[in-house]
Amino acid sequence: MFLRLSLIVSAGVCLAAAAPGEPSRVLTLDAAYDLALATDQTLAIAYAEARKGALEPASAMTRLMPTITGNASSNRSDRTGANRGFTSSLGNVSGGALTSNQTSLNLTWPFLDFTLLPAYRRGKLITESTRLEYQAAIRQTLFSVASAFFEVLSQQQIVRVSEETLRLAEENLAVARKRADAGAVTRADVLRAQASAEENRRALIQAQNDLTVKRNVLGNLLDFRDRTFRLTEPPLNRTPPPQDALDGLLVTAFTEREDLKARELVILQQKERRKEIRAQYAPVLSGQASASGTQASGNLNRSDWQAVLAVRFPFVDAGQRAIDLKRQGIEVEQSEEDYAKFRETVQEEVTNAFVAVRSLDETIDALEAQVDAESQAYQDVQTQYRAGTARAIDVLDALRTLNNARKDLAVQIYGYELALRRLDQVTGVLEEERVRKVAP
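Sequential numbering of the sequence shown, starting at 0, is according to numbering that gives the first Met the number 0.
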């Protein structure tokens, strides 16, 4: 709880760092991480599961803990008629009424139960498994935050590109009108330029609406009501993993992925449960002690105590243990199949993430060169149009191509940043220090 409070405070400090009077507040990626860790409901559920899992070993140990029970009762017997005396278990009683108060205290203490050790080991495995699942949930939440964060950054850049494209389209419209007024071009050039400007205006409106939606998604993910926040871009990383790094990344994933290790522990849990069922065939040694006292009318008081050492042999139970044992064997096989299948899934995820990073890195290089070429081509065509050596349609095509290239570059740059974090997530090392701090 203290850690969650500290995360909220640190995130609040980052968000309050905007200048006085500024309508929007700055939100960094680290602050977004801290907000999500402090408020995400999925993490709260996973944390509760981890806390419950930590109770399993203690629950197993209660099998050898003593239990004490007490009983108390009060009875009154009354007889009417000529002969009102009667004989009770306490002796001959004269008169028509007998009042008795009885109290007892019982102690039961199992001394030997062969199911204890496998149950305790299974409890320890459950504790570790739920802890690992909590860590995996943290990494998934952090990646979801990063995904929404970079979606907003990417969309903001698309809005900027759309604004610049609209400005250029309006410049083209002004040039076309000027040339049409001079009689150098026909009215069709003006109409084409106007249509292009309106098309880009519509694209800008759509981009702005998409940005609003994506900002809302990020705000909901962080439980952040202020929708006027501004995002600070994290340092961009253009250092892809080496071409031959895939094998090492797979080894890291098989070693570090908490969800994979949790599934492996499930196999061990099922095996310990099978041992626990087998141990039910063994005898159970227990001791019992009880003390009771009775106070009755007529000074007829009595006290008793007894101690018993018992051995229980479970010879026959209608075959239920055999059924449970067979069912548990199936559970073990099913867990092993699930682990093997998920291991293949991990291998696919790491490979796909690695290929995506390499592909995006090379794509960005190509797109940067394409944007430079398209920018120069647009400037050349626009200059030629002003001089009357190019057609209006050539200018509009060049502007459309430049706009698409700029948008593609913006999407790919932030997609690359997200792909790097995806690679860290599927290898089990995303925000390692932060995860260890929250769930040591």
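Beta carbons: idealized from backbone N, C-alpha and C, even for Gly.
In this text, all values refer to a predicted model and were calculated from it rather than measured experimentally.
In this structure, residue 124 lies near residue 264, with their beta-carbon atoms less than 8 Å apart. Per DSSP, reduced to three states, the secondary structure at residue 242 is coil, with no helix or strand assignment. Exclusion of the five residues before and after residue 292 leaves 102 and 302 as the residues of its chain whose Cβ lies within less than 6 Å of its Cβ.
Note on geometry: alpha-carbon atoms of residue 111 and residue 332 lie some 31 Å from one another.
In the DSSP secondary-structure assignment, residue 106 is bridged to 67 and 288. Around the beta carbon of residue 122, 16 or more other beta carbons lie within 10 angstroms, which makes this residue buried.
In its chain, beyond the 5 residues on either side, 73 and 294 have a beta carbon closer than 6 Å to the beta carbon of residue 100.
Assignment of residue 75 by DSSP, reduced to helix, strand and coil, places it in the strand class.
By the neighbour-count criterion, in which 16 or more other beta carbons inside 10 Å mark a residue as buried, residue 398 falls on the buried side. Assignment of residue 184 by DSSP, reduced to helix, strand and coil, places it in the coil class. The distance from the Cβ of residue 429 to that of residue 138 is about 5 Å, consistent with a contact at the 8 Å cut-off. Between the alpha carbons of residue 278 and residue 116 lies a distance of about 9 Å. By the criterion of a C-beta distance shorter than 6 Å, residue 408 is surrounded in its chain by 366 and 370, once the five residues flanking it on both sides are discounted. A residue is called buried once 16 or more other Cβ atoms fall within 10 Å of its Cβ, and residue 150 is buried on that count. Along the segment 186 to 240, the alpha helix (DSSP H) occurs as fully enclosed runs of 4 or more residues at 186 to 220, listed in sequence order. In this structure residue 69 is exposed. Its beta-carbon is surrounded by fewer than 16 other beta-carbon atoms within 10 angstroms.
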